[in-house]
Every structure is written in C-alpha cells, then in structure tokens.
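Listed in order, the protein sequences are those of chains A and V.
The numbering used here puts the first residue of the first sequence at 83, with every later residue one more than the last.
The numbering used here puts the first residue of the second sequence at 6, with every later residue one more than the last.
Notes for the one structure printed next.
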Amino acid sequence: MPRLAIDGRAVTVPEGATVLDAARQLGIEIPSLCHLDGCAPSTSCLVCVVRVDGSDRLVPSCATPAAEGMAVESDASDVREARTMALELLLGDHLGECLAACQRVCPLDLDIPNMTRLVQSGDLSTAVEDLRATVPFPGVLGRVCAATCQTGCRQSATDAGLSIRNIERHVADHDRDSEAPWTPPCREDTGRRVAIVGAGPAGLSAAYFLRLSGHAVTVYERTDRIGGRLRHAFDEELLPAEVLDAELGVVERLGAEIRLGAEPDLDALVEAFDAVVVAASIRGGGAQRAGVFAAGDAVRPTDDPTRAMASGKRAAASVDLFLSGAGAEAPARPFSSVMGKLCETEMAELAKVAPSAPAALGGEPRALSFDSIAGECARCLHCDCRAASTCLLRRYADEYGASPTRFRRKRKLFTRNLDHPLVIYEPGKCIACGICVAVTTEMDEELGLTFIGRGFDVRVGVPFDAPLRDALRRAAARVVSACPTGALAFRSKP
Amino acid sequence: MRYLPEDALRRVCEITEITPADITGVATFYDQFRFEPMGRNVLRVCHGTACHVKGSAALQNAIDDHLGIPAGRDTDPEGRYTVQKVACFGCCTLAPVVQSEHATFGNLTPASVGGLLDDVERAAAGGAAKAFDGLAARGTVQGEIRVGLGSCCIVKGTQDLLDGLRGEVARLDLDVAVRRVGCVVACYRTPVVEVIVPGHAARMYDAVAAGDAADIVRDSFRPRGVLRRARAAASRLLAPLVEGGSASSVRALRTDVRDPHVTAFLAGQVHIATENWGELDPLDFDQTVRLGGFQALGRVLAEGEPGSVIDEVDRAGLRGRGGGGFPTARKWRLARDAAGDHKTVICNGDEGDPGAFMDRMILESFPFRVIEGLTLAAYAVGARDGIFYIREEYPLAFARIQAAIEAARARGFLGADILDSGFGFDVRIVKGAGAFVCGEETALIASLEGRRGMPVLRPPFPVESGLEGRPTVVNNVETLALLPWIFRNGADAFAALGTERSRGTKVFSLAGKVARGGLIEVPMGITIREVVEEIGGGVPDGEFKAVQVGGPSGGCIPAALADTPIDYEALVSKGAMMGSGGLVVLDSHDCMVDMARYFLQFTQNESCGKCTFCRIGTRQMLDILERICRGRGRPRDLDELEALARTTSAGSLCGLGHAAPNPVITTLRYFRDEYEAHLKGRCPAGRCVELISYHVTDDCTGCTICVQHCPADAIPFTPYRTHEIDTQLCTACDVCRSVCPEDAIEVR
C-alpha cells in the first residue's frame with residue numbers, strides 16, 4: 083500500500099494504483115482524454131501530465147505507478163502550461179465545430195440541429211422540452227424572430243438557409259395546441275426573491291429563466307398589460323393576441339407574481355429583494371448598484387424581440403450567479419471550435435447527411451404541415467457536434483483557457499463518414515487517442531478499427547478501407563460512449 | 006512482388022491468427038512496406054545529414070524532374086522508375102549518395118543525373134549485384150594483399166578491384182592471399198589496398214581504381230618459376246600498357262602510414278571497438294581467433310561467474326553507446342536480479358540516425374566481436390536467447406552477421422553447451438522494417454513482437470518486463486563490441502581512458518565539411534576541435550562553423566565551443582548529446598536554421614505518432630522553421646519555438662520526443678542572429694532557396710556550359726557574352742554554380 087503526496091496532500095493507495103488513481107482518491111481532478119477505466123493506458127494525449135519528485139521531465143499520471151514516498155505536483159504552473167499546450171496542439175489540428183453556425187448566431191443559443199433531428203424522428207415532445215428550455219416564448223419568436231440563423235445556416239451558401247423560424251413555430255404551436263401544453267419544471271425553491279421592473283420581452287424572459295432557476299419572482303409593470311412592444315409592433319395576422327397571451331402566460335403558470343400599473347421605487351426594491359432586474363427605461367439610472375441588473379431597454383433599446391429576450395436571459399443568468407455567491411460577472415461564453423469557410427468539396431461532405439432532401443421551403447413565416455416541416459428538417463446538414471455537451475476536449479479547453487488558434491495551421495479537408503447506419507465518424511475531430519482501437523480489439527470485432535500510418539499523418543480507420551458498418555458490428559455503442567471527442571458519435575440521440 | 010497487395014494481406018488474415026486491424030496497423034507503420042507496385046528500377050536517394058549538407062534535396066528534385074515523377078508520388082506514370090527517399094545509408098563520406106538495386110553511386114550533383122541514370126541502366130543490364138562475400142581467404146606464402154570491403158568501399162568499386170587483384174594473382178599463379186578486410190576507416194581515401202610482403206614495410210595504395218589491380222600486384226610480386234614468368238611477360242606484351250608507365254602511375258598511388266595526413270588521421274585514435282581494423286577479414290574465424298577473438302568469452306566461461314563479470318564491466322565504467330549513456334553494469338544487474346528464468350539479450354543494430362554509420366561498420370567488419378559481446382552479456386544476465394535487430398537498409402551487415410553466427414555455431418561458440426561450459430545460448434537475426442523510433446528499446450521490443458513500433462512509458466523497464474513480458478537487455482552494437490577488449494585487457498585499462506564519468510573510447514562517423522572523413526574511434530575526453538582539426542584535417546574551404554553531434558537527438562555546437570570535450574555530461578551541458586555518434590562538420594555555407602529544419606523534418610517524419618507533444622509538437626516546430634526558411638517568419642515565432650521545444654522535451658513519452666527539440670534549442674541558443682536575419686528576409690549562409698538569388702559575375706567567359714545545364718531554362722543562350730540568369734525562372738538548384746568552370750556564379 084504505497085503512500086505518496088500529491089500537491090502536499092498525503093494519500094495511501096492500493097498496490098498497482100496509478101498516480102491518476104491516487105489523485106482521484108484525493109478529489110484532485112487531473113484532466114485526461116485517452117484514459118479509459120479497464121483498458122491498458124494508451125499514454126497518447128499527455129494532457130494528464132504531472133511532475134514526480136522534482137524531475138525535469140513530466141510524466142503521464144495515467145500510466146505512472148504510484149510509489150512509496152513519491153512527491154507529485156499536479157498544479158505547478160509549468161505542469162498546467164504543458165497541459166494547456168497539449169490541448170492547444172490537439173486543437174490546432176482539430177477540425178470540427180462545437181456548435182453549428184446557426185446556433186452560434188442565435189442570441190438565445192438555441193441548439194437548432196438538435197431540434198431538426200428530433201422533428202425528423204417525429205419526437206416533437208422532446209423537441210418542445212429542449213426548445214422551451216432555451217427559448218422563453220417560442221410561439222412568439224417562431225413568428226417574429228429576426229432569424230439571423232437562417233442567414234447563418236450553411237445551406238444558405240448552396241441553396242436557401244433552412245426555414246428555422248417556421249420549424250420553431252411548428253414545434254411551439256404543436257405544443258400549445260395540445261391537450262397538455264408543456265410547462266418546464268422549476269428547480270427547487272432557493273428562498274431568494276428577485277424583483278423585475280418592466281414586463282416587456284426582456285423582463286418576462288428574465289422572469290421565466292429566474293423561475294426555472296428556482297428563485298421567487300415579482301414583476302412590476304407600469305402599464306396595465308404585459309408584453310410591452312410585442313403588443314403593437316407586429317400585425318395581428320402575424321402575431322395574434324391569443325397566441326401572445328398563451329405564450330406569455332407561462333410566466334404566471336411558473337409562479338411569478340405580476341403587478342400591473344406599478345411604478346416602484348428602486349431603492350425600496352433593493353431594500354426588499356435579494357436582487358433587482360431593471361428591464362425598462364427608468365429615470366435616474368442606478369443600475370450600477372450591487373444587486374441591480376439591467377436588461378432590455380435599460381441596456382440598449384431594441385426593436386428586435388429576440389435580442390430583448392436574450393438580454394433578459396443573460397440578466398437572469400447573471401442574477402443566478404450573483405445569488406449563488408459567485409459574483410456579478412456575466413457568465414463566460416463556453417469554448418467553441420470554429421472551422422470557418424468551407425470549400426465546395428467540404429460542403430459536399432457535409433451534404434452527405436441529406437442525400438435526398440426536398441427543395442427549400444423558403445423563410446417566409448407561415449404555418450406548415452408536419453410533413454413539410456419534417457422535409458425541411460431533412461435539409462439540415464447537421465454541422466454541429468453531437469458531443470458538444472460531453473466532449474472532454476472542449477471541457478478541458480474551457481477549464482484551461484486553451485486557445486484554439488495558437489497552433490492553427492493550414493487545415494485539412496473536413497470529411498465525414500456515414501457508412502454506418504447509426505454512427506457518424508468525423509476524422510477531423512479524432513485526437514488519435516486509441517481508445518476505439520482498444521475497444522474494438524477487446525470486443526473481438528472481426529475488422530474493428532486500427533491506426534493507419536505513422537507520425538503526424540496517423541489516422542484511425544477501418545482495415546482494408548472497409549465500410550464503418552463492418553468495423554462496428556458489436557462495439558458501436560461502446561466506442562461512441564468512450565470516444566472523448568465527437569469523432570465517433572451517434573447520428574441522432576439513441 | 007516488392008509491395009503488399011491487399012489480397013495477400015487478407016489471405017494472411019485468413020490463414021493465421023493475425024487480425025485485419027493488426028496487419029493494417031503494422032503494414033502502414035514501417036517505411037519498407039508499400040501498397041503500390043514499384044517501378045522496374047528503384048532508386049533510393051539518401052537524405053542523411055552529410056548528404057543533406059552536400060545537396061541531396063537539389064539532387065532529389067533533379068532526379069524527379071528528369072524522370073517526370075509527379076509531385077507527391079514516387080513512381081513515374083510509365084512505371085519505369087521508383088525514386089524513394091531514405092533517411093541514411095550510412096555512406097556519409099561519399100555524400101550525396103544514391104542507391105540502385107545493383108549499385109551505389111556517390112558524390113553526385115544535380116548536373117550528373119543524366120549520367121547517373123545511364124549508369125543505373127548499365128548496372129541493371131549487367132545483371133544482379135555480385136555476391137559480397139563469395140571467396141574464402143587462404144594461407145599465404147609470398148605475401149598478402151588486403152582490400153577494404155565495407156559498404157562505403159564497395160560503393161567506390163572495391164568489389165571489382167578485389168576481383169581484378171584475384172584474377173591477376175591467379176594469372177601469375179602467386180601464393181598471395183587477396184583478403185577482404187572490413188572497413189578501412191579512412192573513408193576519404195577509399196578504395197585502399199595494402200600489400201604485405203614478409204620482411205618488407207607494408208605498401209599502401211589509396212584512391213585506386215579497378216583498372217589498377219594488375220599493376221598493384223606486379224608492383225610487389227613476380228610470377229613464380231621461369232616458365233610462368235615468361236608467359237606473364239608475353240601476356241604483358243599483349244596488354245595495352247607500357248610497363249614503365251603503368252608502374253610509375255601505380256606508384257603515384259602508393260602511400261604509407263607514415264604519410265603526414267595518415268599519421269594525423271590515426272594519431273589521436275585508440276582502437277578498441279574497431280581493434281584490428283584494416284587487418285581482419287570479417288568472416289575469417291581462424292584469423293579472428295588468432296587475433297584474440299573469443300578469448301574473453303573462453304576465459305569468462307572457464308573462470309568467471311556472472312556476478313564478477315558484471316563487476317568487471319562496472320569497474321570499467323562502461324556506459325551504453327547508443328546515446329543515453331546508461332551504465333551497462335547497472336542495466337545488467339537489474340536484468341540479472343529480475344524475476345523469471347527466461348531472459349533475452351538484444352543487440353540493437355537499428356542505427357537510424359542520419360549521419361551515423363558506426364554500428365553498420367562494426368557489424369560488417371567485426372561480426373564475431375559483436376557476437377562475442379552479446380554472448381558475454383547473455384552470460385552476465387543469465388539469458389538463454391539473443392536477437393540481432395538489424396535494419397533492412399544494412400544488407401551487408403545482415404549477411405555478415407548471419408554468416409558469422411553460423412560459423413560460431415559450427416565451432417561451438419554458440420549453442421546448447423558453449424565450449425563445454427554448460428552455458429547455453431543461441432541467437433537469431435531480425436530485420437528492422439524501417440522506423441527510426443525502433444531504436445528506442447520499448448519500440449524495438451514492440452516491433453519484435455510484431456506490433457507497431459510504438460514506445461511505452463517506462464517503468465516498467467525492459468530489464469524487468471521486456472520481450473513477451475520477460476526480462477530483456479537491449480544493448481547497442483558498439484557497447485557489445487567493446488566488451489571483449491575489456492575482458493582481455495582488464496577493466497582498469499579501459500577505465501584509464503577517457504574522463505571521470507565517460508570512460509573508454511567512442512566511435513564516431515566523421516563526415517560533412519571536413520578534409521578527412523571516416524570512421525574514427527577516439528578516447529573520451531578528446532575535444533571537438535582535436536577531432537575536427539587534427540583527425541579530420543579541418544574544413545577544406547569556407548570557415549569551420551559548428552559540428553552537429555548526435556544527429557536528430559543531438560545539437561549543433563558552435564566552433565567557439567569546439568574545446569568542449571567528448572563526454573556524455575559535457576555534451577548535454579551544451580544542449581547536445583552523444584547520441585549514437587554522428588559527427589557532421591558544418592562550415593560557413595551551412596544555414597543553421599536550415600539544419601534545425603532538416604532535423605525536425607526527420608523527427609517529424611519518424612515520430613510514431615502516439616503522444617501529442619511529439620506527434621503535433623514536432624510538426625508545429627517544423628511549420629515554424631519552414632516558414633522562417635521561406636522568409637515568412639513572424640516576430641513571435643522564436644518565442645513560440647522555444648516554448649514548443651521546452652514543453653515537447655519535458656512532456657514527450659519517449660527518448661525520441663524528449664531529444665527531438667535539441668537541434669532547435671541549440672541553434673536558437675548559439676545562432677539566434679541567423680534566425681533573426683531570416684525574419685528580416687536574409688539567409689546569411691546563402692542556403693535557403695527562397696531567400697537567395699543567383700547572379701553571374703564579370704568573370705563569365707560566355708562559355709554557355711551553364712546554359713546547357715540549366716534545367717529551368719533560366720539562362721538565355723548568349724555565347725561569348727556575359728550570361729544572365731532570369732531570377733523569375735531560376736529554381737536555385739545550384740547546377741550552374743557547380744558546372745561553371747570560371748567560378749562566375751554567385752549567390753546573393
């Protein structure tokens with residue numbers, strides 16, 4: 083039972099344990115991409131390096147046996163620098179986008195490809211749940227959103243962008259017209275109380291997300307109706323009052339208290355509440371005070387309802403952070419890998435997922451049948467990463483502040499392999515960690531996966547260039563769950 | 006078939022346990038495997054360090070152009086020629102070198118490509134290469150003629166010379182043995198012939214040609230018997246040679262070991278690993294024994310016990326000559342103490358460093374000595390079987406070791422009960438399939454096990470868990486070759502040589518811009534300056550600028566630090582390392598940024614591709630260096646290079662990645678001004694093609710030779726007028742400068 087110290091903390095581990103095991107036992111997190119419990123260490127990613135006994139060399143903790151009396155440094159500045167560089171080297175050679183272009187330009191950060199996949203598979207109820215977790219009033223925005231996503235859509239380079247607004251509208255309307263429209267669940271009550279001044283799109287959006295976070299919310303509105311600009315900026319034909327009322331009504335259904343005709347004094351609110359969101363143009367300013375957050379018109383007046391709602395959503399996130407004691411900073415944008423411009427052959431690679439897509443519907447707002455909407459969803463190129471929320475490379479890049487551009491070089495061509503009915507393989511995202519090779523070997527796949535070539539050009543592929551479906555007859559689920567990035571992923575949520 | 010058709014690989018998977026994943030992984034890892042048919046002729050262009058500094062890149066381009074080989078491919082569309090790049094043939098003193106299947110060609114220039122291809126076709130038409138080792142030597146009465154037959158010597162036509170000498174001896178019916186000996190070490194003088202007549206001083210002839218054979222024989226010997234003498238005289242009358250003329254011409258080639266240049270070349274040397282060089286027939290077992298071969302083994306088996314054998318090596322202070330300098334005795338002791346009764350010893354003959362050919366020469370010239378060394382190692386650690394791991398690029402070394410193993414086995418020096426001692430040990434040979442990283446012991450073991458040559462993290466060290474999980478000692482060729490001497494002469498005699506921490510001698514291949522290149526064995530502690538200036542005779546033209554020590558793992562030590570002694574720690578303190586012993590001399594025409602780029606190109610190519618720092622870090626460094634060499638460097642590139650070098654060195658998994666940044670670190674440390682000049686768009690050495698331009702000076706006589714040779718048609722035909730080079734069309738191939746009889750082409 084060797085006893086060692088990591089960052090000065092002593093720990094005793096079982097015989098045969100590695101330094102990584104010992105660190106985990108102490109609750110010290112060492113990042114690792116290529117380690118898979120139960121597999122022999124592959125020691126390829128080198129993101130888990132530590133220093134042992136003051137040596138000049140750094141060693142991978144996943145393969146270094148814990149030894150009696152060892153002194154391990156896992157948090158020294160040059161250890162962290164080496165890890166950051168390993169991540170940056172991998173990112174410099176990484177070809178793929180964490181988020182689809184449409185999502186990147188969406189002020190509300192809607193995962194659009196996820197929505198199109200759910201619609202295509204007919205799973206409208208999950209589509210609604212995911213949609214309403216991100217967009218407060220999709221029945222409204224599905225009609226009046228400025229839809230920058232449709233311009234951002236990579237299909238717009240070849241044909242017309244997807245009619246995303248109509249898809250959103252269809253999903254939201256389908257829900258609202260159903261017998262039991264979806265009300266998203268609120269987290270447990272935090273006991274904290276937040277006042278919101280202004281019941282326009284920004285204020286209501288802030289109220290919506292603060293309620294989802296479990297905070298008690300009181301909305302003060304100067305006029306006698308909620309909705310602000312949404313009430314008169316659009317044609318009744320485009321945005322009927324009953325749709326607007328039904329969509330905005332969710333705020334009260336979630337338990338927010340709304341006080342109409344109220345013009346409260348800011349000082350009194352600050353006194354009475356744990357935090358205040360000012361989402362209306364009010365006299366005297368005062369938004370520089372601790373616990374007071376600005377949204378919507380209080381920041382910058384806008385006619386764009388999406389931007390206003392996004393502003394409210396950001397304010398809610400800031401308040402939530404503030405109330406949890408993390409300070410009043412706006413939440414950082416998560417790490418996002420970007421490919422930029424794609425050439426024609428790369429576009430053709432992307433388009434392999436939509437081989438027989440129907441003609442574009444066009445972006446004009448209108449109500450459409452499910453079949454038309456599903457057909458439009460079939461045009462989606464799914465240029466997002468299926469593993470965006472689970473990818474370890476992305477997570478550690480975030481944690482270590484790794485720059486994706488420091489070692490950017492002339493990039494390879496983006497390709498994707500769709501030979502397997504369930505799995506998509508995008509080699510540009512592969513970090514050559516070897517986990518999938520080990521898994522297919524262990525599971526006795528007849529062909530399996532193998533390393534091909536050597537050095538910088540090494541790649542993971544199928545022997546004899548056979549199709550992926552023959553390589554992954556048994557091991558598909560295991561390689562997908564073990565892949566640390568989105569190189570091997572299920573084409574849609576299983 | 007010379008390639009691996011997919012059907013054949015599939016069939017292998019059907020009839021063996023080998024899986025498709027394994028066979029694909031292995032077949033795509035090693036350089037010697039290919040998946041497309043070869044051209045009818047195969048040329049291999051050496052890109053070793055010495056060849057690089059003597060223009061192998063331009064030579065390769067000229068050959069590819071001449072044969073119409075498309076960019077990115079190695080075979081012309083008609084399938085006539087396949088032209089491959091090879092890391093190093095170890096013929097560094099003949100640089101730049103090209104090998105065909107039938108012959109090796111040295112000292113080439115882009116202008117000589119046409120002639121080269123004619124020669125290749127002729128050699129091919131002449132049939133298969135002559136056997137290297139066809140004839141056995143016999144006893145001698147009248148005298149002995151010795152011909153060096155290392156790979157380098159053979160390149161210079163020594164095989165034909167040997168045949169000529171034997172033919173003449175037979176014709177004159179002399180009792181003279183014509184013996185092939187191993188490497189004659191003074192490669193710069195090859196081919197060398199030594200004639201020994203009992204009672205007379207040895208006569209040496211250097212730089213001789215095959216046509217000189219008859220005259221060399223007649224210079225020292227007379228036919229036996231009156232009748233034969235008459236017959237010989239008659240045949241000589243028929244020969245198109247006038248006796249006086251021929252004798253004087255051959256006498257002009259005579260040299261002797263007292264010649265100042267030979268004396269200087271040999272003066273500082275001490276021959277231990279290369280003992281009896283120029284004297285020993287590599288495969289003459291009896292001669293080997295007469296000269297002390299297998300004495301050490303005999304004595305150790307009769308008297309010693311393994312523990313005392315290790316103690317002796319410990320006292321000698323022997324450290325591994327493969328590069329790292331790990332104490333040999335300590336390695337052996339760990340293996341001896343390791344659990345398990347099946348242990349293996351491996352001779353690492355995977356000498357892959359460009360610019361190094363010591364191990365090849367030792368294997369070719371002293372095969373019995375290395376076998377004896379390996380047997381001693383086996384006895385010390387208690388191993389029952391041994392393996393010679395020899396790279397495919399060294400066919401002669403392979404053939405000689407194979408023949409030597411058979412001879413030793415036949416005489417009871419290998420086998421179940423060696424010399425009736427009760428100790429049993431036998432060896433086999435395995436060919437390396439072409440991967441530099443397999444010089445690293447864990448990668449070497451992986452490749453022996455039939456896997457991709459990927460290193461694994463140590464510990465566990467191979468001495469505890471190596472081949473098939475058994476305790477395994479991997480020793481370098483030179484290390485093993487030193488052992489017999491140590492046991493014959495005593496550990497103290499060995500330890501008396503060298504420095505406090507680096508004992509004994511080190512073999513170097515001295516090449517590059519040096520007057521006398523060759524294989525040298527020097528006592529540790531000798532300074533770089535002594536090696537370059539005294540043994541090597543200095544830099545022939547231009548100014549001594551630096552030495553590259555240790556190949557891709559080593560570094561460039563500037564002339565200002567030439568008083569650094571050859572010593573493991575001293576070299577490391579200067580940022581280089583002993584490496585396996587390549588020593589390439591650089592002069593003022595060599596660009597240090599280009600040197601760093603060259604080595605990074607090599608390591609990047611040879612990285613196994615496993616760990617992030619080596620796989621991508623070396624590529625990033627290469628990207629930056631290529632950018633700088635093209636004059637497109639950015640100001641922060643130097644800092645970025647330093648950061649990459651530091652972290653790649655600290656974080657890489659194995660020795661290759663750890664040492665790979667050394668060429669960058671040392672050139673940045675000692676030649677930062679050259680990097681900065683490149684950032685400003687200037688290559689001070691006039692080497693980086695995109696930063697230089699060619700111009701004709703007023704010395705031009707308008708002879709049009711450059712016009713005729715220019716492959717880019719960049720020089721208009723203007724007889725008797727000063728030529729002009731169109732810098733837009735010029736590809737900076739250097740042909741014009743190399744052919745100009747007036748030295749009227751300058752590089753700016």
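Yeah, the Cβ is synthetic: ideal placement off N, Cα and C, and Gly gets one too.
Straight-line Cα distance separating residue j from residue i
i, j, result
"A/G136", "A/R91", "16 Å"
"V/P557", "V/V669", "10 Å"
"V/F549", "V/C711", "29 Å"
"A/A344", "A/A397", "21 Å"
"A/T522", "V/R521", "56 Å"
"V/L449", "V/R326", "16 Å"
"A/L424", "A/E179", "12 Å"
"A/F469", "V/L488", "Note that residue 469 of chain A corresponds to Ala in the displayed sequence, not to Phe. Approximately 58 Å between the Cα atoms of the pair."
"V/I633", "A/A209", "52 Å"
"V/G144", "V/A182", "A caution first: V/G144 carries a pLDDT of 32, below 50, which makes its placement in the model too unreliable to give a value."
"V/G541", "V/P42", "43 Å"
"V/T24", "V/C18", "6 Å"
"A/V253", "A/D306", "30 Å"
"V/T114", "V/M600", "20 Å"
Buried versus exposed call for residue i [16 or more other C-beta atoms within 10 Å across all chains shown]
i, result
"V/C659", "buried"
"V/Q553", "buried"
"A/G483", "exposed"
"A/C130", "buried"
"A/L342", "exposed"
"V/I68", "buried"
Nonlocal neighbours in the same chain, by C-beta distance under 6 Å from residue i, ignoring five residues either side
i, result
"A/P346", "Y302"
"V/V461", "T447"
"A/L275", "Checking the displayed sequence, the identity of residue 275 of chain A turns out to be Arg instead of Leu. Excluding sequence neighbours, A/R275 sits near A298, F355, D356."
"V/S4", "Nothing can be reported for residue 4 of chain V: it is not among the residues displayed for chain V, which extend from 6 to 753."
Option in the options with minimal Cα separation from residue i
i, options, result
"V/Q104", "V/F441, V/N46, V/T706", "V/N46"
"V/G328", "V/D739, V/E574, V/A344, V/D425", "V/E574"
"V/R414", "V/T380, V/Y384, V/G580", "V/T380"
"A/L500", "A/L463, A/C565, A/K434", "A/K434"
"V/V598", "V/R457, V/S698, V/Y675, V/A564", "V/Y675"
"A/A122", "A/P147, A/R477, A/S245, A/Q202", "A/P147"
"V/G405", "V/L646, V/E356, V/F290, V/R416", "Checking the sequence shown, residue 405 of chain V turns out to be Arg, not Gly. Out of V/L646, V/E356, V/F290, V/R416, V/F290 has the C-alpha closest to the C-alpha of V/R405."
"A/L200", "A/V519, A/F452, A/L475", "A/F452"
"A/G516", "V/L515, V/T617, V/M583, V/A278", "V/T617"
"A/P142", "A/A105, A/H176, A/A328", "A/A105"
Close beta carbons around residue i, own chain, < 8 Å, minus the five adjacent residues each side
i, result
"A/S578", "No answer is possible for residue 578 of chain A: it lies beyond the span of chain A, which begins at 83 and ends at 576."
"A/V540", "A514, F533, I534"
"V/Q407", "I434"
"V/V275", "L502, T510, E526, V527, P528"
Proximal residues to residue i (C-beta, below 7 Å), its chain only, five neighbours per side dropped
i, result
"A/M48", "What is shown of chain A runs 83 to 576, which leaves residue 48 of chain A out entirely."
"V/G303", "L424"
"V/G656", "F618"
Distance cut-off 7 Å: residue i Cβ against heavy atoms of the ligand GDP
i, result
"V/N46", "In the structure on display, the ligand GDP does not appear, and there are no ligands present to speak of."
TODO: Below 7 Å between beta carbons is the criterion; list the residues of the segment 525 to 541 of chain A that meet it against any residue of chain V, in chain order.
DONE: Contact residues of the segment 525 to 541 of chain A toward chain V are L529, G530, L531, T532, F533, I534, G535, R536, G537, F538, V540 (C-beta to C-beta distance below 7 Å).
Open item on the list: Under 9 Å, CB to CB, which of the residues in the segment 644 to 658 of chain V have a partner in chain A?
Closed with: So the list reads E645, A648, L649, R651, T652, T653, S654, A655, G656, S657, L658, given in the order they occur along the chain.
- [ ] Identify each residue in the segment 136 to 148 of chain A for which the Cβ-Cβ distance to at least one residue of chain V is less than 8 Å, and report them in chain order.
- [x] Within the segment 136 to 148 of chain A, the qualifying residues are D138, R139, L140, V141, P142, A145, T146, P147.
- [ ] Give the residues from the segment 161 to 185 of chain A that approach chain V closer than 8 Å (Cβ to any Cβ), ordered along the chain.
- [x] Answer set for the segment 161 to 185 of chain A: E163, A164, M167, A168, L171, L172, G174, D175.
Task: Interfacial residues, the segment 103 to 134 of chain A to chain V, with Cβ spacing under 7 Å - done: Closer than 7 Å at the C-beta level to chain V, one finds these residues of the segment 103 to 134 of chain A: T125, S126, C127, L128, V131.
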